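Chemist: I'd like to ask some things about the structure below.
Numbering (this note's numbering), first residue to last: 877 to 980.
Listed below in structure tokens is the structure:
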């Protein structure tokens, strides 16, 4: 993957200015053809479930790939956007394939 950027949304504050800045960076890069993936971690998903963010719906329109961790038996936090559930090894592989990783 050439010039692929992985954004990892880890925080429990997806409506903070930092999270919004990440979305702006992500959408800008994607609009200019940057291969971009957004990994929505369980804490981010849990908070997004409480207060959906319409900005996330634009991600697929810009070609952003969203991924989540495959849920375990006891976890089942729905994702507010279309996302590929990946296992541990797949997520590790994704991290090693990306040229840049940004954690928010």
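Yeah, the Cβ is synthetic: ideal placement off N, Cα and C, and Gly gets one too. Quantities reported herein were computed from a predicted structural model and do not represent experimental measurements.
Do you know how far the Cα of residue 879 is from the Cα of residue 922?
Modeler: 30 Å
Chemist: Just to check my reading of the structure: residue 956 and residue 932 have Cβ atoms closer than 8 Å, yes? What is that Cβ distance to the nearest angstrom?
Modeler: 6 Å
Chemist: Tell me which residues share the same chain as residue 910 and place their Cβ nearer than 7 Å to its Cβ, disregarding the 5 neighbours each side in the sequence.
Modeler: 879 and 881
Chemist: Excluding the 5 residues preceding and the 5 following residue 886 in the sequence, name in chain order all residues of the same chain whose CB lies nearer than 8 Å to its CB.
Modeler: 917, 919, 920, 979 and 980
Chemist: Please report the distance separating the alpha-carbon of residue 908 from that of residue 937.
Modeler: Taking the straight line from one Cα to the other gives about 13 Å.
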